[in-house]
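Just so you know, the protein sequences line up as chains A and B, in that order. Its first residue numbered 1, the first sequence is counted upward by one per residue in my numbering. Its first residue numbered 159, the second sequence is counted upward by one per residue in my numbering. Data block below; observations after.
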Amino acid sequence: MPELVLQLTRAAFLALLWLFVFAALRVVRSDLYAASGLRAAVPGRRPSKGGAAKPGRGGGRSGPKALIVTAGALAGTRIALDGRPIMLGRADDSTLVLDDDYASTRHARISQSGDDWYVEDLGSTNGTYLDRNKVSGPTKVPPGTPIRIGKTVIELRT
Amino acid sequence: MVRPAQASRAGRTTGGPGVNPAEMPADRTALRPVVAAAVSTRRGIELLLLAFAAVITTGALVLVEANQNQELTLTLLYLGLAYLALFAAAHVAVRRFAPYADPVILPCAALLNGLGLVMIHRIDLAKAANALARGNPVPDADALRQIAWLTLGLVLFVVVLWRVRDHRTLARYGYTAGFVGLVLLGLPAVLPSALSEVNGAKIWIRVGGVGIQPGEFAKILLTVFFASFLVAKRDLFTTAGKHVLGMTFPRPRDLAPLLIAWVVAMGVLVFESDLGTSLMFFGIVLSMIYVATERSSWVLIGLVIFGAGAFAAWTFVDRVQVRVAAWLDPLSDPASATYQVSQGLFGMATGGMLGTGLGAGRPDLVPLSSTDFIFTSMGEETGLIGLMALLLLYCLISTRALRTALAVRDTFGKLLAAGLGFTLAIQVFVVAGGVIGLIPNTGQAAPFMSYGGSSLVANYVLVALVLRVSDAARRPASDKSRPEPGAAPTPPRTPLAEAHTEMVSRSGAAGGAEVDTPPHGQPTPPRGRSRE
């Protein structure tokens, strides 16, 4: 191969190689500004999962519909209630995984009985508080009453 | 990315001991106005980059053939197309089984692999020419065998994506994986040398004509094990001990797991005389403990005891002494003992900045130039500029894995992705550091590039696992109307975990955008809308 062609192809190949690197970096860059852990949601699609709720209860007409974290690291988190019990704790399989120094692995359970929801401490180290009282046995949770676990505060909302 | 100040603040105020630092920033800092961009699957970009990789690979092949005065035929084009077809198949599998996976990782691996194949082919040509000149029979072409391994690797890649629908299922097999990994790691040490020793390193299992390096598979299994072990036993590593020099040191009695890992690493070093495998294994352990605990003291302790152990091994093991001597003075005995290292250095020096051009150098002068020393071959023919591009590609794969670790919601996924990213990075460090004389040279294969089946196959499994985790990390919650095909039978550990978490608002959120995230990436029940 002639020397000139060799030199040209050599440089062209390196340019191409770096072009690939920059193309890949560009993709990465566009990704930097996109969400990482968060997912975009379609607003106003909550009613669509009414089918998952128990039909006899009319979509929880009378009882609370959602659990909302009002304080602590997870403030703003919301969990829709659909009749299944909610597990709170640091364990990965909890419904609400608490990033709270004062929370135990399996800290508390919030479950439904009839139209009411009950909170129950699962032998946590630092206890669960309903309003200002320590929860010892299953205790009924009126909507809007704060449940405190460490620095995390949870409320049921209708 | 996570802004460091914010991340560290979060780690201090709400994290404290016992909380994985990587867990929180992912929720907190990621909220940006362009949340919607994550919804696109970006598979088109992946295909585009793959095609680009195929073009570069074909171009490299054409250059090699032209410089070696081979006939330029249409066959080259077909080879390029075959390469593209192979990766297109992998791409289709990603599209089908992990539609939201990271778009950069697979093309980077494909390009490294393609250039590796070209280089192996180029060294085949040189070997054949040498053999012809001496009147010896022409040796088998390594490139063809490597393509067979590549096919096998991609088949396993697809199988992993297909069978492992949820990376969290792997956590259940943590101890099994750890046991099998340890057996694979230790097996060559107890096998007779005839079966396990090649060029002095006892890291092989050779049955019939096929040899595999079980350590390559062990590294993935052990990463899975450590991820599940650290998730379950993280408290063990975060109990505070003494504070010295601003670092929190663990209590001596909590050092047991690290010491066990150290004993294993030293065993590998002494009985298999392979610093690379040993360093890689211990590096994975250290980096994963660091990711899980955010304590630099673990890294410090680990490095100190590894250094002490390596020093002891250097004192007692002949083979290690030879390697260290070649490292300290690569030109001390260029005719025999340090021939390989010195020739590698000369090769790279010949290449200089721009390289000699593909196919125009003499990389075949270095022994094992297509396996352990492929970096010097690339360095000679593409120069420093080309070699840097290759290292950047490795960097990209690794950082994308770490990025995945930041984004994914569950702790096991975080540790797994971070561990796999570190695995790849450490392996590249060991290989590249070895050939440029930064650390004692060891016989490790450069991921994706070197000739060698075990390494190639294992690294495609690694990529498949990273893609699986990144799919879980990037999958938008609103896409559950199209669940992963066949994913239904992988139930979460408890039905309780099926409830969904939704973020309605949070202080500092842009415009109160309604964002929704399932608890640690849990698949939520089907919703009415499809995103595609």
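Every residue, glycine too, gets a C-beta built ideally from N, C-alpha and C. Fair warning: this is a prediction, and the values are worked out from it, not measured in the lab.
Close beta carbons around Asp131 (chain A), own chain, < 7 Å, minus the five adjacent residues each side = Thr145 and Pro146
Can you tell me which of the three DSSP states Asn294 (chain B) falls into?
-> coil
Own chain, CB closer than 8 Å to Leu275 (chain B), minus 5 neighbours either side, in chain order | Taking C-beta separations shorter than 8 Å and ignoring five residues to either side along the sequence, the partners of Leu275 (chain B) in its chain run Thr215, Tyr241, Ala301, Gln304, Ile305 and Leu308, following chain order.
Asp476 (chain B) lies in the alpha helix (DSSP H); which residues open and close that run?
-> Asp476 to Leu486
Give the straight-line distance between the Cα atoms of Phe210 (chain B) and Ala575 (chain B), rounded to the nearest whole angstrom.
-> 26 Å
Decide if Ser490 (chain B) is buried, meaning its Cβ has at least 16 other Cβ atoms within 10 Å, or exposed.
-> Ser490 (chain B) is exposed by the Cβ-count criterion.
Touch check for the region 587 to 594 of chain B and the region 336 to 352 of chain B: three-plus C-beta pairs under 8 Å?
-> no
Run down chain B in chain order and give the residues with a C-beta less than 7 Å from the C-beta of Trp18 (chain A).
-> Ala547
Could you name the residues of chain A that Pro261 (chain B) contacts, counting a contact when the two beta carbons are closer than 7 Å?
-> Under the 7 Å cutoff, chain A gives Val27.
Chain-ordered neighbours of Val389 (chain B) on chain A, where CB pairs are closer than 9 Å | Scanning chain A for C-beta atoms nearer than 9 Å to the C-beta of Val389 (chain B) yields Asp92, reported in chain order.
So with Cβ pairs under 8 Å, would you call Arg10 (chain A) a contact of chain B?
-> Yes, contact with chain B.
Look up Leu207 (chain B) in the DSSP assignment and say whether it is helix, strand or coil.
-> helix
Using 8 Å as the limit for Cβ to Cβ distance, is Thr383 (chain B) near chain A?
-> Looking at the sequence provided, one finds Phe at residue 383 (chain B) rather than Thr. Answer no: the Cβ-Cβ gap between Phe383 (chain B) and chain A never drops below 8 Å.
Could one say the Cβ of Val141 (chain A) lies closer than 8 Å to chain B's Cβ atoms, at least one of them?
-> no
Mind checking if Ala71 (chain A) is an interface residue toward chain B, Cβ cutoff 8 Å exclusive?
-> no
At what residue ranges does the region 400 to 461 of chain B contain a whole run of the alpha helix (DSSP H), taking only runs of 4 or more?
-> 414 to 429 and 433 to 451
Alpha carbon to alpha carbon, how far is Asp115 (chain A) from Ala246 (chain B)?
-> 55 Å
Anticipated Cβ contact below 8 Å, Asp487 (chain B) with Ala259 (chain B), distance rounded | Not confirmed; about 47 Å, so no contact.
Which value, in whole angstroms, describes the spacing of the CA atoms of Phe315 (chain B) and Ala622 (chain B)?
-> 5 Å
Strand pairing of Met277 (chain B), partner residues [DSSP] | Bridge partners of Met277 (chain B): none, in fact.
Please name the residue or residues paired with Val69 (chain A) in a DSSP beta bridge.
-> A:Ile154.
Val421 (chain B): which of B:Phe407, B:Phe440, B:Gly434 and B:Arg409 sits nearest, CA to CA?
-> B:Phe440
Residues of its chain near Gly272 (chain B), where Cβ-Cβ distance is below 8 Å and the 5 sequence neighbours each way are ignored = Ala211, Ala212, Ile214, Thr215, Ala218 and Tyr241
Within-8 Å CB hit, Gly505 (chain B) to chain A = no
Distance, Ile543 (chain B) Cα to Glu452 (chain B) Cα | Going by the C-alpha atoms only, they are around 35 Å apart.
Mind checking whether Gly460 (chain B) and Leu416 (chain B) have CB atoms under 8 Å apart?
-> yes
Quick one: which chain B residues come within Cβ less than 9 Å of Val119 (chain A)?
-> Neighbours of Val119 (chain A) across chain B, judged by C-beta separation under 9 Å, do not exist; the nearest C-beta is about 15 Å away.
What is the DSSP secondary structure of Glu120 (chain A), counted as helix, strand or coil?
-> If DSSP states are grouped into helix, strand and coil, Glu120 (chain A) belongs with the strands.
Where does Lys140 (chain A) sit, in a helix, a strand or coil, going by DSSP?
-> strand
Return no unless some Cβ of chain B is closer than 8 Å to the Cβ of Ala23 (chain A).
-> yes
How would you call Leu264 (chain B), buried or exposed, if buried means at least 16 neighbouring beta carbons within 10 angstroms?
-> Buried is the call here.
What number of angstroms, rounded off, separates the C-alpha of Pro191 (chain B) from the C-alpha of Arg561 (chain B)?
-> Its pLDDT being 36, under 50, Pro191 (chain B) is placed unreliably by the model, and the measurement read from it follows with that caveat. Answer to the nearest angstrom: the Cα atoms are 19 Å apart.
Within the 8 Å Cβ cut-off, does Asp522 (chain B) reach chain A?
-> no
Measure the C-alpha to C-alpha separation of Leu270 (chain B) and Ala603 (chain B) and round it to an integer number of angstroms.
-> 13 Å
Taking buried to mean at least 16 other C-beta atoms within 10 Å of its own C-beta, is Glu430 (chain B) buried or exposed?
-> Counting Cβ neighbours within 10 Å, Glu430 (chain B) comes out buried, since at least 16 surround it.
Helix, strand or coil for Tyr609 (chain B), going by three-state DSSP, please let me know.
-> coil
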